[in-house]
Amino acid sequence: MSGLTGTPFGALSIAILRGFVRDRSALFFAVVFPLMFLVLFGALLGNQDQPEIEMVKVGDVPLLDHLPADARSAFDATFDVEESDDLDAALELVRKGDADVAVEQRGDTLVAHYTQTEQVGAAITQVTLQAYVDGANVAVSGRPPKFGFEADRVEDDSLTTIQYYTPGLLGWAIAMSSAFGAAATLQGWRQSKLLRRLQLAPVSTPTIVGARVAVTIGIALGQTAIFLGLGWAALGLTLTGSWWMSLPLVVVGTLCFMAIGLLAGAVAKSTEGAVNMANFLVLPMAFLSGSFFPLDGAPTWLRRLSDVLPLKHLNEAMLDVLVRGEGPGSALVPLGILAAFAVVVTLLAAKLFRWDTA
Amino acid sequence: MTAISVVGLTKAYGDLTAVDAVDLTVDVGEFVGVIGPNGAGKTTLLEMIEGLRRPDAGEITVLGEPAWPRNRRLQPRIGVQLQASAFFERLTAREQIHTFAALYRVPARAADEWLERVGLGEKAASRVEDLSGGQAQRLSIACALVHDPELVFLDEPTAALDPQARRNLWDLLRAINEDGRTVVLTTHYMDEAEALCDRVAIIDHGRLLQHDTPTALVAAHAGGGNLEDVFLALTGREYRA
Ligand SMILES: Nc1ncnc2c1ncn2[C@@H]1O[C@H](COP(=O)(O)OP(=O)(O)O)[C@@H](O)[C@H]1O
Ligand SMILES: [Mg+2]
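As given, the protein sequences belong to chains R and D, one line each in that order. Mapping the first sequence onto the working numbering, position 76 (from 1) lands on 76, and the numbers just tick up by one. Just add 1000 to the spot in the second sequence (first one is 1) and you have the working numbering.
Set out below in structure tokens:
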């Protein structure tokens, strides 16, 4: 007999794991469904950089054609240039909104034609072109420029789509499968009287609970590996230094959401009821915890509300260690909050627990 | 020798007295049937003797040990099939009984032998959800017996079976008893009780009405009929739950 399968703990764990792996809908909602969201969000929101300004260049414009190299690259990043020989046609394009600006050079004067519909674009165009003209004036004067300018890029909090969504959707996926798994197992085993049957076998309650917890944590770590692995290999996810801190976060987060599932399973009267209740708790929480969209723009009261939700703390901590480059210490407070949630909710679930349906 | 001794056993759910001052003894090696209409209190009585429910009043001694609170020394010595088929979801018949074997720290070989003995060798690789009613009952009986218990409780093992499956199950239950095990089963089929049991306990509204051999009960109450006539004479004919 192979070691683990012969012990009560090992046999129970394997039985529970088999039950999960063979449950297609559980597998779908734990892995495929959240991954669909990740791929979907990546595709929908992927390219959210400032759109280029469409410029029509009428005839020769020596001032722009002979830009210095550094100015050239900035120019190419800002403008999407189309050439034309017909000024009237170019103006018509600008008027209709098909182009943002038409430029021509009359002698030594650069003339830009634009509308005021798109004010930011217009301002950028104006300032940029003015700068080129000023630069050209300094260059022909032969004197070295008195003032210098240097651009220094600072890492900001805004992340690319995949970087932002992977941790939050992973948090949601773990919350869902942990809560549903616990709720459905408790209710299903109670309905079928398996819970009673196990009570009569020489296994302790901690062994039974421990096996269920071990399998759920294993599933959550599997979800993490799939999410991060696929994100990295196919979707351009880059993890920052202390990403490994996500592992204890996943473990404690799993305990927290299992407790919520146990509570739903203890209160509900049927398996469907338990799963519905788990859904009722987890789905709105996912919205309010930034799993589906950032909460930066949300009203203050909503953000205060989200502070009492465990998923918010899991998501924020996962963002910090996975993609924001925060150190391991940043996860300690969230770990404590999640653990406290797990303890309180488990105690509540234990108080409401019943062995039988009736 | 006495396997089970019950004195003054009482259990109420709110206002409803499900088991009402029941006295009962079962001897070692005996095959006893608990019969009664739906809602009579059979399951509640059995679950208290098994140690699953706490009695409101009364004494229960099982194999010389108190049944409540949950008694660890007793668990390996008793085998229980609950009324529903209590299975792990989505396991095959073999995985199911292997899991129960491991819970009792019994070698997997014993589990395979029981699977053969209840005639499920061919169905070993089928999921429990795909078994017929009779096959599921046989599997859950095998799971109850996998650790070779001295005392076996079966709650309505033949409910919802066709006559073929029922008769085959009778043979199995008889064989289990002939191996020397004490068997307690509940049923509402009188022919079953008559065919299998050494003694029957007739209960209704939580009260023990009779506890005797089928022959003695028929002689005393049926007026030339069978055990079913005794049963109806004692419990009346109004509809039950
Ligand atoms: N957990 C429970 N809570 C409340 N009432 C119950 C419970 N279990 C059984 N009962 C009631 O107790 C009575 C006896 O039930 P039970 O022992 O299941 O009878 P039987 O097994 O003979 O059909 C029934 O009226 C049933 O409705
Ligand atoms: Mg019953």
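Built from N, CA and C at the ideal position, the CB exists for glycine as well.
Item checked: Residue range of the unbroken beta strand (DSSP E) whose run includes residue 249 (chain R) -> Counting along the chain, no beta strand (DSSP E) covers residue 249 (chain R); the unbroken alpha helix (DSSP H) around it starts and ends at 246-267.
Are the CB atoms of residue 1069 (chain D) and residue 1188 (chain D) nearer to each other than 8 Å?
Between residue 1069 (chain D) and residue 1188 (chain D), the CB-CB gap reaches or exceeds 8 Å.
Inset, instruction - Return the CA-CA distance between residue 18 (chain R) and residue 76 (chain R), expressed in angstroms with no decimal places. - result: 57 Å
If you measure beta-carbon to beta-carbon, which residues of the stretch 161-194 of chain R are closer than 7 Å to chain D?
188, 192, 193, 194
**Residue-level contact to chain D via CB, residue 323 (chain R), 8 Å cutoff** = no
Excluding the 5 residues preceding and the 5 following residue 83 (chain R) in the sequence, name in chain order all residues of the same chain whose CB lies nearer than 6 Å to its CB. 57
Should the stretch 319-328 of chain R be called in touch with the stretch 241-251 of chain R, which here means at least 3 C-beta pairs below 8 Å? yes
Kindly indicate which three-state DSSP category residue 114 (chain R) falls into: helix, strand or coil? If DSSP states are grouped into helix, strand and coil, residue 114 (chain R) belongs with the strands.
- Task: Taking all protein chains shown into account, decide if residue 43 (chain R) is buried (16 or more other Cβ within 10 angstroms of its Cβ) or exposed.
- Result: Flag for residue 43 (chain R) reads exposed.
Could you check if residue 1013 (chain D) is buried or exposed, using at least 16 other CB atoms within 10 Å of its CB as the buried criterion?
exposed
Q) So which residues put a beta carbon under 7 Å from any heavy atom of ligand 2, going in chain order? A) D:1042, D:1043, D:1083, D:1155, D:1156, D:1186
### Task
Starting from the C-beta of residue 221 (chain R), find all residues in its chain whose C-beta is less than 8 Å away, skip the five residues before and the five after it, and write them out in chain order.
Excluding positions up to five away in sequence, the list reads 247, 250, 251.
Problem set entry | 6 Å Cβ shell around residue 282 (chain R) - same chain, five flanking residues per side excluded | 175, 176, 179.
Practice prompt. Compute every distance between the C-beta of residue 1039 (chain D) and the non-hydrogen atoms of ligand 1, then say whether any falls below 7 Å.
Written response: yes
Q) Which residues in the same chain have their Cβ closer than 7 Å to the Cβ of residue 59 (chain R), if we skip the five residues on either side of it in sequence? A) 85, 104
**Item:** Run of the beta strand (DSSP E) containing residue 37 (chain R), from where it starts to where it stops
**Value:** Note, residue 37 (chain R): premise wrong, no beta strand (DSSP E); alpha helix (DSSP H) at 33-45.
* In chain order, what residues of the same chain have a beta carbon less than 8 Å from the beta carbon of residue 345 (chain R), not counting five sequence neighbours either side? -> 256, 259, 260, 262, 263
query: Does DSSP classify residue 1053 (chain D) as helix, strand or coil?
result: coil
### Message
For the stretch 1003-1018 of chain D against the stretch 1028-1044 of chain D, do three or more pairs of beta-carbon atoms, one drawn from each stretch, fall closer than 8 Å, so that the two count as touching?
### Response
Taking 8 Å as the limit for Cβ pairs, the verdict is that the stretch 1028-1044 of chain D does touch the stretch 1003-1018 of chain D.
Where residue 298 (chain R) sits in the DSSP three-state scheme = coil
- Does residue 202 (chain R) get closer than 8 Å to chain D when you measure Cβ to Cβ? yes
Task: is_contact[residue 197 (chain R), chain D] using C-beta, thresh 8 Å - done: Cβ-Cβ to chain D under 8 Å: yes for residue 197 (chain R).
| said: Give me the subset of the stretch 14-25 of chain R whose CB atoms are less than 8 Å from a CB atom of chain D, sorted by chain position. | reply: 14, 15, 16, 18, 19, 22, 23
(Q) Does the distance between the C-beta of residue 1058 (chain D) and the nearest non-hydrogen atom of ligand 1 fall short of 7 Å? (A) No, Cβ of residue 1058 (chain D) sits at least 7 Å from all heavy atoms of ligand 1.
Exercise. What three-state label does DSSP hand residue 106 (chain R) in the structure shown?
Worked result: strand
- Query: Is DSSP giving residue 238 (chain R) helix, strand or coil here?
  - Reply: coil
message: Quick check on this structure: which residue in R:100, R:108, R:132, R:10 has the alpha carbon closest to the alpha carbon of residue 64 (chain R)?
response: Minimum Cα distance to residue 64 (chain R) is reached at R:132.
Can you name the start and end residues of the beta strand (DSSP E) that residue 1211 (chain D) belongs to? 1207-1212
Point to revise | Inter-residue spacing [alpha-carbon to alpha-carbon] between residue 319 (chain R) and residue 27 (chain R) | key: 25 Å
Q) In terms of residue numbering, what span does the alpha helix (DSSP H) encompassing residue 21 (chain R) cover? A) 8-21
task = Would you tell me roughly how many angstroms separate the C-alpha atoms of residue 80 (chain R) and residue 294 (chain R), rounded to the nearest one?
result = 30 Å
- Would you mind telling me which residues of chain R sit closer than 8 Å to residue 1189 (chain D), beta carbon to beta carbon, in chain order? Those within 8 Å of residue 1189 (chain D) in chain R number zero; the least Cβ separation is about 22 Å.
Open item on the list: With a threshold of 7 Å (Cβ to nearest heavy atom), would residue 1201 (chain D) be considered close to ligand 1?
Closed with: Answer for residue 1201 (chain D): no, Cβ out of range of ligand 1.
Whole-number beta carbon distance between residue 1003 (chain D) and residue 1028 (chain D), since they are thought to touch under 8 Å:
5 Å
- Query: Using the beta-carbon of each residue, which ones in chain R are nearer than 9 Å to residue 1095 (chain D)?
  - Reply: 14, 15, 18
- [ ] Taking the CB atoms as reference points, tell me whether residue 1171 (chain D) and residue 1031 (chain D) lie closer together than 8 Å.
- [x] no
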